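One structure is given here, and the rest of the page talks about it.
2 protein chains.
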Amino acid sequence: MLSKKTKYALKALIVLAKEYGQGPVLISDIAQREEIPRKFLELILLELKNQGILQSKKGKGGGYFLGHPPAQISVGHVVRVLDGPLAPLPCVSKTAYMRCRECRDERTCAIRMVMKEVREATAQILDSTSLADMLRRIELAVNGKEALSFSI
Amino acid sequence: MLSKKTKYALKALIVLAKEYGQGPVLISDIAQREEIPRKFLELILLELKNQGILQSKKGKGGGYFLGHPPAQISVGHVVRVLDGPLAPLPCVSKTAYMRCRECRDERTCAIRMVMKEVREATAQILDSTSLADMLRRIELAVNGKEALSFSI
DNA sequence: ACAAAGTCTATTAAAACAATAGGATAAGTC
DNA sequence: GACTTATCCTATTGTTTTAATAGACTTTGT
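Quick mapping for you: the protein sequence lines, in order, are chains A and B. Going by our numbering, the first sequence opens with residue 1, and the numbers climb by one from there. Going by our numbering, the second sequence opens with residue 1001, and the numbers climb by one from there.
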């Protein structure tokens, strides 16, 4: 299950992707637009900054902005930074592998085999989807919706 | 992340699938074979029984056994029963759908679109994998391993 | 100097997770 | 019908994670 933290982060990043190249955006603005508790969002953005996903400027005229173009920031990266590994089990994680203490033989563990498939499928989707992809899909959906209401 | 509860459950179910048709198996036996805390396992098996996945017999000569053939019990079903919906977000769950309180428009939410893909991929894998499939894969791995050591 | 912003550390409340404890109930055995 | 073996059921506990709040600190522009 995706934590609220990560959900908030993705919402904030989508806002920042929309504003990319137009200067810093205030925490308060993002919090208000997306109905995220202001102080909580502060912590989240700070963490994203420390991980190099965001950059910031202090003082008047300051705020947050993406550290890279929207096409270069993947959902998978964001989820891993805030929620940890995508893998359902540590023993199938590529980025944070850990042997199961009680596992006698990893090679013959069926649970592991199945969960490895799940990890791969999840990573495939999340690592190949960028903020830019999300913006594009939002736009498509908005246009599709308009076209639909228009046709009624 | 898969909970220990569900991991224990799957291990227990694999044992019971191996013994399918050969009468009841004791909780204690399963606990010992798989190094699962005895009392914790009790709760888990009870829950699986109440969900119709297992059946049991009390008293001497009693124990637990599968309620259906191993080929008819899917990993997805077990995970849903113990860990809840597979979906990373309630708003993309088929079995436990819940609208996001703060979502203005579900149709244009990019986070939702991406997580829907993840849910679908996960369900595809877990719902199409049965206990029988897992047994088969274990056997294949064991044989493969033997062949490997033999060739050295 | 002052105001506006992000930065940092600590704390707290609530929920979920993992496990333990102990008596209740049912079924077989002698 | 007493005894033993097993599951059944409810409650409780300790730990960790999640979500959020609070407040003082630092930097920057005017």
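The C-beta atom is built at its ideal place from N, Cα and C for all residues, glycine as well. Just so we're clear, the structure is a prediction, and the values are computed from it rather than from any experiment.
Where residue i meets chain A, residues with beta-carbon distance less than 7 angstroms
| i | result |
| --- | --- |
| residue 1001 of chain B | 88 |
For residue i, the nearest candidate out of the options (CA to CA)
| i | options | result |
| --- | --- | --- |
| residue 69 of chain A | A:89, A:17, A:112 | A:17 |
| residue 28 of chain A | A:62, A:6, A:7 | A:62 |
| residue 1014 of chain B | B:1001, B:1037, B:1118, B:1045 | B:1045 |
| residue 1010 of chain B | A:136, A:64, A:109 | A:109 |
| residue 1127 of chain B | B:1072, B:1137, B:1112, B:1106 | B:1072 |
| residue 6 of chain A | A:24, A:133, A:48, A:33 | A:48 |
| residue 1008 of chain B | B:1025, B:1026, B:1038 | B:1038 |
| residue 4 of chain A | A:24, A:41, A:30, A:92 | A:41 |
| residue 1138 of chain B | A:118, A:112, A:137, A:36 | A:112 |
| residue 1123 of chain B | A:118, A:67, A:93 | A:118 |
| residue 1091 of chain B | B:1102, B:1064, B:1060 | B:1102 |
| residue 1058 of chain B | B:1012, B:1131, B:1023 | B:1023 |
| residue 64 of chain A | A:142, A:43, A:77 | A:43 |
| residue 82 of chain A | A:56, A:60, A:100, A:52 | A:52 |
| residue 1054 of chain B | B:1125, B:1019, B:1129, B:1114 | B:1019 |
| residue 1133 of chain B | A:30, A:114, A:77, A:132 | A:114 |
| residue 130 of chain A | A:77, A:56, A:120 | A:77 |
| residue 1125 of chain B | B:1146, B:1079, B:1036 | B:1079 |
| residue 21 of chain A | A:2, A:30, A:66, A:60 | A:66 |
Residue i at chain A interface by Cβ criterion, 8 angstroms
| i | result |
| --- | --- |
| residue 1110 of chain B | yes |
| residue 1025 of chain B | no |
| residue 1160 of chain B | This structure does not reach residue 1160 of chain B, given that chain B is present from 1001 up to 1152, and the question cannot be answered. |
| residue 1129 of chain B | yes |
Neighbour flag for residue i against chain B, beta carbons, 8 angstroms
| i | result |
| --- | --- |
| residue 7 of chain A | yes |
| residue 16 of chain A | no |
| residue 73 of chain A | no |
| residue 142 of chain A | yes |
| residue 82 of chain A | no |
| residue 121 of chain A | yes |
| residue 102 of chain A | yes |
Environment of residue i [buried if 16+ CB atoms lie within 10 Å]
| i | result |
| --- | --- |
| residue 1148 of chain B | exposed |
| residue 1098 of chain B | exposed |
| residue 144 of chain A | exposed |
| residue 88 of chain A | buried |
| residue 85 of chain A | buried |
| residue 104 of chain A | exposed |
| residue 1116 of chain B | buried |
| residue 1140 of chain B | exposed |
| residue 1107 of chain B | exposed |
| residue 95 of chain A | exposed |
| residue 26 of chain A | exposed |
| residue 1075 of chain B | buried |
| residue 1033 of chain B | exposed |
| residue 142 of chain A | exposed |
Listed by chain order, chain B residues near residue i by CB distance under 7 angstroms
| i | result |
| --- | --- |
| residue 117 of chain A | 1125 |
| residue 137 of chain A | 1110, 1113 |
| residue 99 of chain A | The premise fails here: residue 99 of chain A is roughly 14 angstroms from chain B at the closest Cβ pair, so nothing lies under 7 angstroms. |
Proximal chain A residues relative to residue i, where beta-carbon distance stays under 9 angstroms
| i | result |
| --- | --- |
| residue 1145 of chain B | 105, 107, 108 |
Residue i beta carbon near the ligand ADP (any heavy atom closer than 7 angstroms)
| i | result |
| --- | --- |
| residue 1101 of chain B | For the structure depicted, the ligand ADP is absent and the ligand set is empty, with no information on it obtainable. |
Residues in the region 29–61 of chain A with C-beta within 7 angstroms of chain B's C-beta atoms, listed in sequence order?
Under the 7 angstroms Cβ criterion, the region 29–61 of chain A contributes 35.
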